[in-house]
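Have a look at the structure below before the remarks.
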Ligand SMILES: *Cc1c(COP(=O)(O)O)cnc(C)c1O
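Residue numbers (the numbering used here): 317 to 768.
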């Protein structure tokens, strides 16, 4: 193993980290993770940290999980990778079958890719092409309806349907036009509205936008129940079902991006189940392999799939694919992870842990710098504010969310904020004593950072 200070030097000299202000990063001496043990990460100096964000929302059962390790090793003894272009592979077939058996009704076809962004990109292209190829279809359907603040990944298509203004500001010239509906959340209510009237307006807007553009719409894209990267924004009950009803009434595909919420994080295997919604296209990634390997999938209905059938020369093929699509090691991990989810009743664990977290975080209800605590299952956002009464934000240069992360690191817990929203995203399989540790550290770190 290379010496720690050399690793640091090479990290600073060569690695360009994602979503990272590199100049500040270099000064901060972030932990260099070299090992893991269950729900802890261990850095090059041997210091242990509780993984409080599921390694960016993907880890499900902890690290070095015996069954998943064994599944990958077993597959490694057979073949690490072979292509799905013109060939097939055992684990990719088995995982497709397992996903279809568990997904909302009607989703019967699995198109693999490698990340959440590609899973969404694939769904957008499928929806677009579907309208052009289905019987009585239309080539005018160019418009995607998306939700304010939405995050669907960082490729150009997925940024286009995203609602994060910062990215639209920088990359706007590269993006295709969309129509946005307001995110149905009420932390900061626009003037002239009450909570109820604003939510009612959001529901009405969804309907108005769909009706107004109905002949031009390719699909409605949304994150069901929780908008993750927007700051763990939890939608009111009924919004997803309403979106499904409206899209169904107007013959429009609904694309559900379950990249963050899928595989148990909200308390059900898929978030759509909670409102009895079956989307036409379902995107999954992050948790699909238990957080081990980059596998993603876009599930589609038979109706959509049928529009791509025909003689090869007709050109109805879906023209998309990535080299490592359906990677056998990743699919083997995915199968082992799904089995463990069920064997260990991880969904019940999520529900029990969600109750513990809700109780523990109620200690922050009257905190002068906590504006709102949002939670669905084991997805939690604690929005920090300079002033509780006015909901005024801290000046961005103070990087308050980041200061909480640094304070938590001192306490042996890894967090990563979204601006001034402190995010807790424990792995669905985390045991309850570690959930208490996570809550202790989060509360103490918020106290420390906001009182400095
Ligand atoms: C993380 C995320 C993505 C992007 O996934 P990547 O694997 O990072 O490309 C897409 N949609 C949602 C809802 C996400 O949370």
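Where is the CB? At the ideal position from N, CA and C, for every residue including glycine.
All of these numbers come straight from a predicted model, not from anything done at the bench.
DSSP links residue 514 through a beta bridge to no other residue. When only Cα atoms are considered, residue 737 and residue 659 end up about 34 Å apart. Between residue 676 and residue 752, the C-beta gap is smaller than 9 Å, which places the two residues in contact. By the Cβ criterion, the region 726-745 is in contact with the region 663-680, since at least three pairs of Cβ atoms, one from each stretch, lie closer than 8 Å. Judged by their CB atoms, residue 608 and residue 384 are nearer to each other than the 9 Å cut-off. Comparing alpha-carbon positions, the option among 653, 427, 405, 388 lying closest to residue 597 turns out to be 427. One thing to note: residue 533 has its Cβ within 9 Å of the Cβ of residue 459. Taking C-beta separations shorter than 7 Å and ignoring five residues to either side along the sequence, the partners of residue 341 in its chain run 333, following chain order. Within 8 Å of the C-beta of residue 467 there is at least one heavy atom belonging to ligand 1. Rounded to whole angstroms, the gap between the alpha carbons of residue 454 and residue 535 is 13 Å. Judged by DSSP secondary structure, residue 621 falls within the alpha helix (DSSP H) whose first and last residues are 618-622. Within the region 605-691, the complete beta strand (DSSP E) segments at least 3 residues long are 612-617, listed from N- to C-terminus.
DSSP, reduced to helix, strand and coil, places residue 454 outside both helices and strands of the structure shown, so it counts as coil. Sequence-distant Cβ neighbours of residue 374 in its own chain, meaning closer than 6 Å and more than five residues away, are 602, 603, 607. Residue 618 places its beta carbon less than 9 Å from that of residue 422.
For ligand 1, a non-hydrogen atom lies closer than 8 Å to the CB of residue 434. 9 Å or more divides the Cβ of residue 663 from the Cβ of residue 605. Contact check for residue 387 against residue 613 fails: the beta carbons are separated by 9 Å or more.
Taking C-beta atoms as the reference points, residue 539 and residue 463 count as a pair closer than 9 Å. Contact annotation: residue 548 and residue 395 have beta-carbon atoms that are not nearer than 9 Å. At least one heavy atom of ligand 1 lies less than 8 Å from the C-beta of residue 610. Just so you know, the alpha carbons of residue 411 and residue 420 end up roughly 16 Å apart. Taken atom to atom, the span from the alpha-carbon of residue 379 to that of residue 730 is near 14 Å.
Annotation for residue 368: 724, 729, 730, 731, 740, 741, 742, 754, 757, 758 place their beta carbon closer than 8 Å to its own, counting only its chain and skipping 5 residues before and after. About 5 Å separates the Cβ atoms of residue 432 and residue 469, confirming a contact at the 8 Å cut-off. For residue 573, there is no enclosing alpha helix (DSSP H); the enclosing beta strand (DSSP E) has its first and last residue at 570-573.
The distance from the Cβ of residue 710 to that of residue 700 is about 7 Å, consistent with a contact at the 8 Å cut-off.
For residue 599, the enclosing beta strand (DSSP E) has its first and last residue at 597-600. When rounded, the separation of the alpha-carbon atoms in residue 683 and residue 560 is 38 Å. Boundaries of the beta strand (DSSP E) around residue 424: 423-429.
For residue 353, there is no enclosing alpha helix (DSSP H); the enclosing beta strand (DSSP E) covers residues 349-353.
Residue 376 carries a coil assignment under DSSP once its states are collapsed to helix, strand and coil. In this structure residue 692 is buried. Its beta-carbon is surrounded by 16 or more other beta-carbon atoms within 10 angstroms. Close CB contacts of residue 443 within its chain, under the 6 Å cut and outside five residues either way in sequence, are with 534, 535, 569 (chain order). Counting along the chain, residue 716 sits inside the alpha helix (DSSP H) bounded by residues 716-726. DSSP assignment within the region 491-559 yields the following whole alpha helix (DSSP H) runs of 4 residues or more, N-terminal first: 511-528.
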